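All residue numbers for the sequence shown refer to my numbering, where the first residue is -13 and numbers rise by one. To start, the structure under review is shown below, and the notes come after it.
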Amino acid sequence: MPASSSSPLSSSLPRIVILSTGGTIAGAADARSKGGYNAAAVSAQSLIAAVPGAEEIARIDFEQVAAIGSQDITDAVWLTLARRITELAARDDVDALLVTHGTDTMEETALFLHLTLATDKPVVMVGAMRPSTALSGDGPANLRAALMVATHPESRGRGVMVVLNDTIHGARDVTKTSTTQVETFQSPNLGPLGYVTPNGAVFLRPGTPRITLPLPESAPLPRVSIVHAYAGMDDLLIKAAIDAGARGLVLAGVGDGNAARTVIAALAEAAKAGVVGVRASRCPLGPVLRNIEVSDDALGLVAAGLHNPAKARVLLQVLLANGVTTPTTVQSAFDRTD
Ligand code: SIN
């Protein structure tokens, strides 16, 4: 769908393209007190119309890439989004990209784009916890904050950022922590990149050089299953995932990415057959480190470091799609924090 301009404005303002995908930010309901709402019912143009002063921050164009709740995002949508952002970012007349997205899987889309978009132009993802028609909907304020970040000179070269609740997060660490609260997004290990203040965006630290991976050519990406560990677990789910054709397994392990002996043994057996096994943790904080509780070197396993299970899955899918399959090379990619 071609981009459409919001209004003719001073050509000295940066030009931003907003790519919308759906989610609560575009949701409509009668009132906050009513439980349900229709995701993706409101256009990005209408959302921006509710942001006071948006036309003084940037010239804004709009494109609709999808109109879905983010629970329905697929790797096919990721590829469409990444291709379109790449095309737009290559244009001299586009300065930054904004992606509106449901919050539920925003962290996964953010990491996929962060890993595969080579552009230095800012790419900011934004959503909302309350639908556009709710009392105190957070969408307009989040959109305004995202525009401030997208147009900030220090945003270049940082890859994909997530902006909600006046907080700027990096794609690798950001995670949704609350089912309902507007402060749901946190960067539990590395901390936020910065904040949006009444005076504009403020970054707490400089950007770091980023290595990107080639965008996979087509969907579906290689199947990677997440297996959640629990007390008294056996190897049934690992075996089921392998039978279903998984080329990678992410263990959402207990503590330091651990699980019952039979589960670790099944992962090691799978690794011998070429199925890459990554140990992440069901704990929300802290890294999963190599060779502490589990002998990764001997078993051919990978430690997820700071990547939570959902992030570990995305990273492993992109690596496998690019032919990165040995535990050593996969481990090097998991050791990165950029
Ligand atoms: C979704 O992720 O699409 C629904 C929830 C939200 O956007 O907050």
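C-beta atoms are modelled at their ideal positions from N, C-alpha and C, and glycine is treated no differently. All values reported here derive from a predicted model rather than from experimental measurement.
The DSSP-derived three-state label of MET92 is helix. Taken atom to atom, the span from the alpha-carbon of ILE278 to that of ARG142 is near 38 Å.
For ALA127, no beta strand (DSSP E) segment is defined; the enclosing uninterrupted segment is the alpha helix (DSSP H) at 125 to 136.
Here ALA252 carries a helix assignment [DSSP, helix/strand/coil].
With a threshold of 7 Å, the Cβ atom of SER56 counts as near the ligand SIN, since some heavy atom of the ligand is closer than that. A check of alpha carbon separations from VAL135 across GLY156, VAL110, ASN151, THR119 identifies VAL110 as the nearest. When rounded, the separation of the alpha-carbon atoms in GLY239 and LEU275 is 12 Å. Of the heavy atoms belonging to the ligand SIN, none sits nearer than 7 Å to the Cβ of MET147. The C-beta of GLU94 has 16 or more other C-beta atoms within 10 Å across all chains shown, which makes the residue buried. GLU169 and ALA252 have their alpha carbons spaced roughly 39 Å apart. The alpha-carbon of PRO174 is positioned some 11 Å away from that of GLY156. Between the stretch 286 to 301 and the stretch 147 to 162, the count of Cβ pairs shorter than 8 Å is three or higher; the stretches touch. In this structure, the ligand SIN has no non-hydrogen atom nearer than 7 Å to the beta-carbon of ASP124.
Within 10 angstroms of the beta-carbon of VAL188 lie fewer than 16 other beta-carbons, which makes it exposed.
Rounded to the nearest whole angstrom, the C-alpha separation of THR315 and GLY125 is 40 Å. Under the rule that a run must span 3 or more residues, the beta strand (DSSP E) segments found entirely inside the stretch 160 to 194 read 180 to 183, 186 to 189. Contact between the stretch 81 to 94 and the stretch 214 to 226 is absent: fewer than 3 CB-CB pairs across the two stretches fall below 8 Å. Where SER267 is concerned, the enclosing beta strand (DSSP E) starts and stops at 262 to 267. Sequence-distant Cβ neighbours of GLY291 in its own chain, meaning closer than 7 Å and more than five residues away, are PRO273, VAL274, PHE320, ASP321. Measuring C-alpha to C-alpha distances from ASP220 to each of ARG116, VAL249, VAL280 identifies VAL249 as the nearest. Within the DSSP bridge table, the entry for THR153 names LEU150, TYR181 as partners.
In this chain, the beta strand (DSSP E) harbouring SER6 covers 1 to 6.
Here GLN57 is exposed. Its C-beta has fewer than 16 other C-beta atoms within 10 Å. DSSP places THR86 in the uninterrupted beta strand (DSSP E) bounded by 82 to 86.
Judged by beta-carbon spacing, ARG265 lies beyond the 8 Å limit of LEU306, meaning their Cβ atoms are not closer than that value. Classified as buried, ALA68 has 16 or more neighbouring CB atoms from the shown chains inside 10 Å of its CB. Around the beta-carbon of ARG191, fewer than 16 other beta-carbon atoms lie within 10 Å, marking it exposed.
Judged by the Cβ position, ILE11 qualifies as a neighbour of the ligand SIN at the 7 Å threshold, a heavy atom of the ligand being closer than this. Here the C-alpha atom of GLY309 lies approximately 38 Å from the C-alpha atom of ILE46.
Within the same chain, SER267, CYS269, GLU279 come within 8 Å of GLY241 by CB-CB distance, once the 5 residues on both sides are set aside.
If the five residues before and after ALA132 are omitted, its C-beta is found closer than 6 Å to the C-beta atoms of LEU84, VAL110, VAL112, VAL149, all from its own chain and listed in chain order. By the criterion of at least three beta-carbon pairs nearer than 8 Å, the stretch 70 to 81 is in contact with the stretch -3 to 4. In this structure ILE43 touches THR137 by the C-beta definition: roughly 6 Å separates them, less than 8 Å. Boundaries of the beta strand (DSSP E) around GLN50: 45 to 50.
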